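Written out below as structure tokens is the structure these notes cover.
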Amino acid sequence: MTRGSFEAMGTTVETWSETADGTAAVARWFEEVESRCSRFRPDSELSAINHTSSTDISLSGLMWEVLSAADEARTLTEGLVDIGVGSAVAGWGYDRTFGEVTDIASPGGHFSAPGWTLCPKDRTLRRSPGTSLDLGGIAKGWACDRAVEKGLAGTVSAGGDLRSADPGTVTTVLDNRGATAARVHVGVGALATSSITRRRWRVGDREVSHLVDPRTMAPVETPVLSATVAARTAVEAEIGAKAVLIKGVDGLAWADRTEWIRSALVLWHDGSVFATTGLELVA
Amino acid sequence: MSRFGDARWQRVAAWSGAALAWGSTITAVVLEPVRVAPTTPPPQVEEATTQAPLPAQPESGLLVLRYRSEAPEGIQTVAPSPAAPAAPAPAAPQPISSGS
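Chains as they are written, first to last, in our numbering: chain L, 1 to 283; chain B, 1001 to 1100.
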């Protein structure tokens, strides 16, 4: 087993593969996805989508797959995870790579609710004026999923999103101070953590996080500092973790009764750690 | 015949009015010390700021892996803490264990 890592999508990607070539192959794959799905690259397909005045947009095969995953994510989370919050994410200050984000005095304008649909017949995106897409978390999870499904590596982890084909995969969930919250058996499947403690900045006198609630188009306020979800795929784990964060007090109960979520864990605002009983803990 | 003429009734009325006015003043003066001055009520302290809310109970039970009755330093109880320190990725994976 070979372990490797590289930087992509604003985070560190780690791979475990049978050969040293695995990491390079995964790195090439992530570059391909990022070159199309990054909203920070002016020449990416996503930037072209967000900047065109057209409401009906033809998509590449890769973008169609990512947006299809995002469409399903929106359905699975009852609209809580919606890539159409891009204008609010940028308007609240996250309009450049996070290392360059600075405090701002006030959000830049009023943000209308997300409005976008996919047309399978001709593989196009129909988007309401003012709706901008942010593929951040979905693209990251999707890239992990496809890398493993393509056989490029046995396990791929990108900034908290992990997809594994190895029955022995175990991961440690850390709290916001770096202490161990739990050791979890992932096995063949996926696990993702979404947190509001890492990417934060100030808007006026308010400190905000990067996670926008599509119901308010404003940064989420939640008693959950981070949520970890185990699921079949990294995309499902990623969107599940985001939904648990947004749901706040009801997040764990929702995860518990949601069929596609295997288990969930939350780091509470007071430092407590709670989980659903399905979580496979490792000593 | 009335014992009082019109002029006398007018004097009685004038004295009565004066007495009433004087009495009101005295009453006001007497009441003044006990009048409750309008004040700004103390700010209401939400119960949640001292009593941490708990997650809704899942149907199949809740695992409590770690419980803290008091908020740790730098973490507010209602809103996520502005002072929350930057942290490493919460789900940084450990080396793969079994299998291969």
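Backbone N, C-alpha and C fix where the C-beta goes; we use that ideal spot for every residue, glycine too.
Quantities reported herein were computed from a predicted structural model and do not represent experimental measurements.
Self-check item: Coarse secondary structure for His110/L, derived from DSSP in three states
Solution: Here His110/L sits in coil by DSSP.
Quiz item: Whose C-beta lies closer than 8 Å to the C-beta of Ser60/L among residues of the same chain, with five residues either side of it excluded?
Solution: Taken in chain order, the residues that qualify are Arg36, Glu45.
Quiz item: Using 7 Å as the limit for Cβ to Cβ distance, is Gly115/L near chain B?
Solution: Cβ-Cβ to chain B under 7 Å: no for Gly115/L.
Practice problem: Name the one or two DSSP bridge partners that Pro219/L has. | Solution: Partner residues in the beta bridge of Pro219/L, as assigned by DSSP, are Val212/L.
Quiz item: Val1045/B by DSSP, collapsed to three states: which one?
Solution: Residue placement at Val1045/B cannot be trusted, given a pLDDT of 35 that sits under 50; what the coordinates show is reported in the next sentence. Of the three classes helix, strand and coil, the one that applies to Val1045/B here is coil, per DSSP.
Practice problem: My understanding is that Ala181/L touches Val173/L, with C-beta atoms under 8 Å, so please give their C-beta distance in whole angstroms. | Solution: Contact holds; Cβ gap of about 5 Å.
Practice problem: Name the residue from Thr222/L, Thr155/L, Ile239/L whose alpha carbon lies nearest to the alpha carbon of Arg196/L. | Solution: According to the sequence as given, residue 196/L is Ile; it is not Arg. When C-alpha distances from Ile196/L are compared across Thr222/L, Thr155/L, Ile239/L, the shortest belongs to Thr222/L.
Practice problem: Identify which residue in Val89/L, Leu118/L, Phe111/L has its Cα closest to the Cα of Val355/L. | Solution: Residue 355/L lies beyond the range of chain L shown here (1 to 283); nothing can be said about it.
Quiz item: In the stretch 14-102 of chain L, which residue ranges form an unbroken beta strand (DSSP E) of at least 3 residues, counting only runs that do not cross its ends?
Solution: Complete beta strand (DSSP E) runs here, min 3: 56-58.
Practice problem: Output yes if chain B places a C-beta closer than 7 Å to the C-beta of Phe274/L; else output no. | Solution: Interface residue, yes.
Quiz prompt | Cutoff 7 Å; reference Val85/L; Cβ partners in own chain excluding five residues on either side | solution = Closer than 7 Å at the Cβ level, and outside the excluded window around Val85/L, lie Pro114, Asp134, Val212, Pro214, Met217.
Quiz item: Of the choices Ala253/L, Thr97/L, Ala237/L, Asp103/L, whose alpha-carbon is the least far from that of Ser157/L?
Solution: The residue with the shortest Cα to Cα distance from Ser157/L is Ala237/L.
Quiz item: Anyone know if the C-beta pair for Ala153/L and Thr15/L falls short of 7 Å?
Solution: Contact: yes.
Quiz item: Ala253/L touches chain B at which residues, Cβ-Cβ below 9 Å?
Solution: Within 9 Å Cβ-Cβ: Pro1055, Ala1056, Gln1057, Pro1058, Glu1059, Leu1062.
Self-check item: Contacting residues, own chain, Cβ-Cβ under 7 Å from Thr11/L (five flanking each side not counted)
Solution: So the list reads Ala158, Gly159, once near-sequence residues are dropped.
Exercise. Starting from the C-beta of Asp82/L, find all residues in its chain whose C-beta is less than 6 Å away, skip the five residues before and the five after it, and write them out in chain order.
Key: In the same chain as Asp82/L, and ignoring 5 residues on each side of it, the C-beta atoms closer than 6 Å to its own belong to Arg74, Pro114, Pro214, in chain order.
Quiz item: Gly189/L bridges to which residues according to DSSP?
Solution: For Gly189/L, which the question treats as bridged, DSSP gives the partners Ser164/L.
Exercise. Would you list the residues sitting across from Cys119/L in a DSSP beta bridge?
Key: Residue pairing for Cys119/L: DSSP places it in a beta bridge opposite Thr124/L.
Exercise. Please name the residue in Thr233/L, Gly130/L, Trp116/L, Ser272/L whose C-alpha comes closest to that of Gly109/L.
Key: For Gly109/L, the closest alpha carbon among the candidates Thr233/L, Gly130/L, Trp116/L, Ser272/L is that of Gly130/L.
Self-check item: Proximity test, Cβ basis, 7 Å: Lys140/L and chain C
Solution: The structure shown has no chain C; the protein chains it does contain are L and B.
Self-check item: Environment of Thr117/L [buried if 16+ CB atoms lie within 10 Å]
Solution: Answer is exposed; the Cβ neighbour count stays below 16.
Practice problem: Tell me whether Leu133/L sits in a helix, a strand or coil according to DSSP, three-state version. | Solution: Of the three classes helix, strand and coil, the one that applies to Leu133/L here is coil, per DSSP.
Practice problem: Taking Ala275/L as the reference, give the member of Val148/L, Leu265/L, Ala283/L with the closest Cα. | Solution: Of Val148/L, Leu265/L, Ala283/L, the residue nearest in Cα terms is Leu265/L.
Quiz item: Name the DSSP beta bridge partners of Val184/L, please?
Solution: DSSP lists Thr171/L, Leu281/L as partners of Val184/L.
Practice problem: Would you identify the three-state DSSP class for Asp1006/B, choosing helix, strand or coil? | Solution: Under the three-state reduction of DSSP, Asp1006/B is assigned to helix.
Quiz item: Just curious, the beta strand (DSSP E) that Trp268/L is in, first and last residue?
Solution: Trp268/L: member of the beta strand (DSSP E) spanning 261-268, first to last residue.
Quiz item: If you draw a straight line from the C-alpha of Ser87/L to the C-alpha of Met1/L, how long is it?
Solution: About 42 Å.
Self-check item: Host beta strand (DSSP E) of Gly4/L (start-end)
Solution: Counting along the chain, the beta strand (DSSP E) containing Gly4/L begins and ends at 2-8.
Exercise. Give a yes or no on whether 7 Å exceeds the smallest Cβ distance from Thr124/L to chain B.
Key: Under the Cβ criterion of 7 Å, Thr124/L is not counted among the residues facing chain B.
Practice problem: Just mark Asp284/L as buried or exposed, buried being the case when its beta carbon has 16 or more other beta carbons within 10 Å. | Solution: Nothing can be reported for residue 284/L: it is not among the residues displayed for chain L, which extend from 1 to 283.
Quiz item: In whole angstroms, what is the alpha-carbon distance linking Thr1077/B and Gly136/L?
Solution: Confidence at Thr1077/B is low in this model, with a pLDDT of 33, below 50, so its placement is unreliable and no value can be given for it.
Exercise. Evaluate Val282/L with the Cβ neighbour count: other Cβ atoms within 10 Å of its Cβ, from every protein chain shown; 16 or more gives buried, anything less gives exposed.
Key: Val282/L should be labelled exposed.
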